[in-house]
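Novice:
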Amino acid sequence: MKKIIYTACGLLLIMAGCTKTNITQQGDIVNGAKIKLIHAAPGVPAVNGFINGTKVSATTVYSVTDNEIVTAITTGFSYLSVFPGLNYLSVPAGSTAIKFTAATSAPVLKSPQTVAPETVIGEATQSTADGSAYSAFLMGLPGGNAADGLTVKVVEDKFPAPIANKAFVRFAHMVPNGGAVDLTATYTLANGTVVTQQTVITNTNYGTVTDFVPVDVNPTSTTNYKFQMTLNGTAITFGTITPDIPLAPGRYYTIVGRGLAADYAVPGTSILLKASARPKLPTTDPATRLPEIYFNAPGITFYTNK
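All residue numbers for the sequence shown refer to the working numbering, where the first residue is 93 and numbers rise by one.
1) So the candidates are PHE142, THR375, MET321; which of them puts its Cα closest to the Cα of VAL212?
2) Indicate whether the contact test is met: 3 or more Cβ pairs, each with one atom in the stretch 317-331 and one in the stretch 344-359, closer than 8 Å.
3) Return the CA-CA distance between THR193 and VAL148, expressed in angstroms with no decimal places.
4) Less than 6 Å between C-beta atoms, sequence neighbours within five positions excluded: which residues of the same chain meet that for VAL301?
5) Measuring only the C-alpha atoms, how far is LEU181 from THR220?
6) So, ALA367 versus ASP355, is the Cβ gap smaller than 7 Å?
7) Counting pairs of Cβ atoms below 8 Å between the stretch 257-272 and the stretch 303-317, do you hit three or more?
8) Name the two residues that bound the continuous beta strand (DSSP E) containing GLY135.
9) I'd like to know whether the C-beta atoms of PRO184 and THR196 end up nearer to each other than 7 Å.
10) Could you have a look at TYR386 and say whether DSSP puts it in helix, strand or coil?
11) Please report the Cβ distance between MET231 and PRO176, rounded to the nearest whole angstrom; I am assuming they are in contact, meaning their Cβ atoms lie under 8 Å.
12) Can you tell me whether GLY325 is buried or exposed, with buried defined as 16 or more other CB within 10 angstroms of its CB?
13) Short check: CB of ASP377 to CB of PRO371, under 7 Å?
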């Protein structure tokens with residue numbers, strides 16, 4: 093499990109009071125735009141997030157396989173991580189510069205990486221408004237082309253008005269070499285005996301982040317949903333089905349399609365990113381000791397917007 097360590101610099105910013113570059117968690121100030129950073133680029137190592145030139149993301153400590161040895165490293169936030177995990181960052185509204193860089197780990201990794209430390213991986217400038225919320229997705233393939241290379245996609249998070257007995261979900265298709273997919277859901281309401289399966293969102297292409305749509309939930313408790321991607325217009329599943337995801341009434345969730353649809357050789361390197369999970373057996377197989385980021389089986393993850 094990841095352990096989040098907030099840097100002393102961040103603490104000093106909070107203690108110093110508001111300045112032009114001061115960035116705090118949502119709820120600490122009334123005004124400002126809200127921003128969430130999502131690392132959705134398969135095969136890319138941990139990153140740091142910057143807003144208006146100030147590093148805002150946390151340092152994390154977790155275990156990786158490096159040079160065939162499991163090692164604890166201190167670094168940025170890794171693939172499929174969201175920062176902040178709860179709520180949003182609050183920043184001054186206006187022209188907001190967002191940047192992701194490859195983090196430098198301690199100790200420095202010995203295994204070949206798809207992106208060199210401190211490399212600017214992606215950046216974007218977004219016009220932000222007071223009170224509005226935005227999500228910035230780092231997405232794409234390292235060394236990819238104009239259609240699927242590394243980039244930052246910023247979307248405004250427009251939350252529909254709450255509806256009784258409903259939660260809201262949206263879908264972010266972040267499989268850079270995948271085709272159009274539908275998002276299906278399976279659930280059973282409280283005291284129900286019938287399992288309901290429905291297509292929630294259809295015909296979503298790579299790089300698309302859909303609008304939020306309402307889904308049925310129990311009025312006073314969570315409802316467990318399983319989500320699955322299927323190839324657009326078919327019953328052919330793509331990637332793994334999720335375990336139960338508890339959805340609560342009045343909440344908003346982003347469902348993220350992750351991983352790779354096919355193996356990908358990173359240009360200019362000897363690295364082959366696999367569209368499969370890392371094998372565990374036999375232990376004599378060298379692939380069992382390769383870095384985890386080399387393996388990106390397709391599937392789904394999610395985070396709560398609010």
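Positions of the beta carbon are idealized from the N, C-alpha and C atoms, including for glycine.
These numbers were taken from a predicted model, which means no experiment stands behind them.
Specialist: Looking at the coordinates:
1) Residue mapping note: residue 212 aligns to position 120 of the sequence shown, counting from 1. Cα-wise, what sits closest to VAL212 is PHE142.
2) yes
3) Counting from 1 along the sequence shown, the entry for residue 193 is found at position 101. Counting from 1 along the sequence shown, the entry for residue 148 is found at position 56. Straight-line Cα distance between these residues: approximately 12 Å.
4) Your numbering for residue 301 matches position 209 in the sequence shown. Excluding residues within five positions, the ones whose Cβ falls inside 6 Å are VAL247, ALA264.
5) Walking along the sequence shown from the start, residue 181 turns up at place 89. Walking along the sequence shown from the start, residue 220 turns up at place 128. Approximately 13 Å between the Cα atoms of the pair.
6) Here residue 367 corresponds to residue number 275 of the sequence shown, with the count starting at 1. Here residue 355 corresponds to residue number 263 of the sequence shown, with the count starting at 1. Cβ distance < 7 Å, so ALA367 and ASP355 count as in contact.
7) yes
8) Within the sequence shown, the letter at position 43 stands for residue 135. Neither: GLY135 is in no beta strand (DSSP E) and is coded neither H nor E.
9) Working through the sequence shown from its first residue, we reach residue 184 at position 92. Working through the sequence shown from its first residue, we reach residue 196 at position 104. In this structure, THR196 does not lie closer than 7 Å to PRO184 by Cβ.
10) In the sequence shown, the residue the question calls residue 386 occupies position 294. Helix.
11) The sequence position of residue 231 within the sequence shown is 139, counting from 1. The sequence position of residue 176 within the sequence shown is 84, counting from 1. In fact, because the Cβ distance is near 19 Å, the residues do not count as touching under 8 Å.
12) Counting from 1 along the sequence shown, the entry for residue 325 is found at position 233. Exposed is the call here.
13) Numbered from its first residue, the sequence shown carries residue 377 at position 285. Numbered from its first residue, the sequence shown carries residue 371 at position 279. Result yes, Cβ atoms of ASP377 and PRO371 sit closer than 7 Å.
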